[in-house]
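S.K.: Can you read through this structure? Questions will come right after.
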Amino acid sequence: MKRLVVVAAAALSLAACATAPTLYQPAAGPQSVGYSEYRIEPGRYRVTFRGGPGAPPQQVMDYALVRAADLAISEGYDWFRVADRFTEGRPDRGPRVGVGVGGGDYGYRSGVSLGVGTTFNLGGGPSLSTTIEVVMGRGERPRGADVYDAKALRRTLGERI
Numbered sequence: 005m006k007r008l009v010v011v012a013a014a015a016l017s018l019a020a021c022a023t024a025p026t027l028y029q030p031a032a033g034p035q036s037v038g039y040s041e042y043r044i045e046p047g048r049y050r051v052t053f054r055g056g057p058g059a060p061p062q063q064v065m066d067y068a069l070v071r072a073a074d075l076a077i078s079e080g081y082d083w084f085r086v087a088d089r090f091t092e093g094r095p096d097r098g099p100r101v102g103v104g105v106g107g108g109d110y111g112y113r114s115g116v117s118l119g120v121g122t123t124f125n126l127g128g129g130p131s132l133s134t135t136i137e138v139v140m141g142r143g144e145r146p147r148g149a150d151v152y153d154a155k156a157l158r159r160t161l162g163e164r165i
């Protein structure tokens, strides 16, 4: 019976650590998962997407780009250029190992110790947010690596959402 209680407690503990998937949705608040935007001036926005714990950095960036494409399309623009980008947080890179050495003496006795520890993040890792500043335009798309066709990007990345 004790064994069953221990197993059930362990399962509940792990279930509590589980995280909900990152969804493409408006953020409910400043630290909530989802997108938000701020209109700087006509045709210029600052778009932020905050991923849930453990969300891959590429997914967070893709969702920010999709939101920028949605804004461009809804405002009647054909393309947008990412003028600036910023990522906050760091992705969880899996288990980490640490080594520590210590020593001490007490009277005529002394000792040295060596410790090795590992950490496993069971909670899904820290959350990431990406902020991009976009400038939108109409007509022929200018050349450049950070210039996107809004409808094509929405079609391509939108399939993965």
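Following my numbering, the numbering of the sequence shown begins with 5 at its first residue and continues without gaps.
C-beta atoms are modelled at their ideal positions from N, C-alpha and C, and glycine is treated no differently.
What whole-angstrom Cβ distance do R158 and V70 have, given they're in contact under 8 Å?
M.R.: Here residue 158 corresponds to residue number 154 of the sequence shown, with the count starting at 1. Here residue 70 corresponds to residue number 66 of the sequence shown, with the count starting at 1. The Cβ separation is near 6 Å, so the contact holds.
S.K.: Roughly how many whole angstroms lie between the Cα atoms of G47 and M140?
M.R.: Locating residue 47 in the sequence shown gives position 43, where the first residue counts as 1. Locating residue 140 in the sequence shown gives position 136, where the first residue counts as 1. Rounded to whole angstroms, G47 to M140 spans 5 Å at the Cα level.
S.K.: Measuring only the C-alpha atoms, how far is G106 from F90?
M.R.: As a working note, residue 106 is residue 102 in the sequence shown. As a working note, residue 90 is residue 86 in the sequence shown. Each residue's Cα considered, the two are about 40 Å apart.
S.K.: A22 to Y42, Cα distance in whole Å?
M.R.: Within the sequence shown, residue 22 is the residue found at index 18, counting from 1. Within the sequence shown, residue 42 is the residue found at index 38, counting from 1. Residue placement at A22 is flagged as unreliable, the pLDDT there being 49, under the threshold of 50; a coordinate-derived value is accordingly withheld.
S.K.: Let me know the secondary structure DSSP gives P57 once reduced to three states.
M.R.: In the sequence shown, the residue the question calls residue 57 occupies position 53. It is coil, neither helix nor strand.
S.K.: With distances taken between CB atoms, is the gap from S133 to E163 smaller than 7 Å?
M.R.: For this step, residue 133 is matched to residue 129 along the sequence shown. For this step, residue 163 is matched to residue 159 along the sequence shown. No, they are not a contact pair.
S.K.: My understanding is that Y39 touches Y67, with C-beta atoms under 8 Å, so please give their C-beta distance in whole angstroms.
M.R.: The residue you call residue 39 lines up with position 35 of the sequence shown. The residue you call residue 67 lines up with position 63 of the sequence shown. Between Y67 and Y39 the Cβ distance is about 7 Å, and since that is below 8 Å, they are a contact.
S.K.: Return the CA-CA distance between R147 and L161, expressed in angstroms with no decimal places.
M.R.: Here residue 147 refers to the residue found at position 143 when the sequence shown is read from its first residue. Here residue 161 refers to the residue found at position 157 when the sequence shown is read from its first residue. Taking the straight line joining both Cα atoms gives about 20 Å.
S.K.: Indicate the three-state DSSP secondary structure (helix, strand or coil) for D82 in the structure shown.
M.R.: Here residue 82 is taken as the residue at index 78 of the sequence shown, counted from 1. In this structure, D82 counts as coil in the three-state DSSP scheme.
S.K.: Bridge partners of E45, per DSSP?
M.R.: Your numbering for residue 45 matches position 41 in the sequence shown. Answer is R48, bridged to E45.
S.K.: Determine the contact status of F53 and A72, defining contact as a CB-CB distance below 7 Å.
M.R.: As a position in the sequence shown, residue 53 is number 49, starting the count at 1. As a position in the sequence shown, residue 72 is number 68, starting the count at 1. No, the Cβ-Cβ distance between F53 and A72 is not below 7 Å.
S.K.: Determine the DSSP secondary structure at L18, reduced to helix, strand or coil.
M.R.: The count along the sequence shown starts at 1 and reaches residue 18 at position 14. Low confidence applies to L18: its pLDDT is 48, below 50, so where it sits in the model is not reliable, and the reading given next is rough at best. Three-state DSSP puts L18 in a helix.
S.K.: Which stretch, first to last residue, makes up the beta strand (DSSP E) that contains G141?
M.R.: As a first step, residue 141 is located in the sequence shown; it is residue number 137 there, counting from the start. Note, G141: beta strand (DSSP E), 133-141.
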